[in-house]
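Below: the structure, in structure tokens.
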Amino acid sequence: MNINGRKFRKSLIGEVTSRSGDKSVKVSYFYKGPHSRYLKEVKRRTVVYAHDENNGCSVGDRVKIVETRPFSRLKRWRVASIL
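Heads up: the sequence shown runs through residues 5 to 87, numbered per the numbering used here.
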């Protein structure tokens, strides 16, 4: 997204579900959206891989992740802070 010539990166808040390797974590985040047919609000989950430079996260931590350049085949996010 571009506003007045400045780029803003997407950010999400999720929970660490796995330490999938050195400097990598698996983060899942939940959101609500309407069901395609019945239009009732349903809870959905998405899992993304994030880069954790300091290996500071552990399973169960709530983290803020931001969009970044690709670090590997699956990692397109990086951990900004541990909440």
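Glycine is no exception: its CB is placed at the ideal position from the N, C-alpha and C atoms.
Nothing here was measured: the structure is a model prediction, and the numbers come from that model.
- Where residue 48 is concerned, the enclosing beta strand (DSSP E) starts and stops at 45–55.
- For residue 74, the secondary structure class from DSSP, reduced to helix, strand or coil, is coil.
- In the three-state reduction of the DSSP assignment, residue 42 falls in the coil class, being assigned neither a helical nor a strand state.
- One alpha carbon belongs to residue 27, the other to residue 70, and they sit about 15 Å apart.
- For the options 72, 86, 81, 77, the alpha carbon positioned closest to that of residue 64 is the one of 86.
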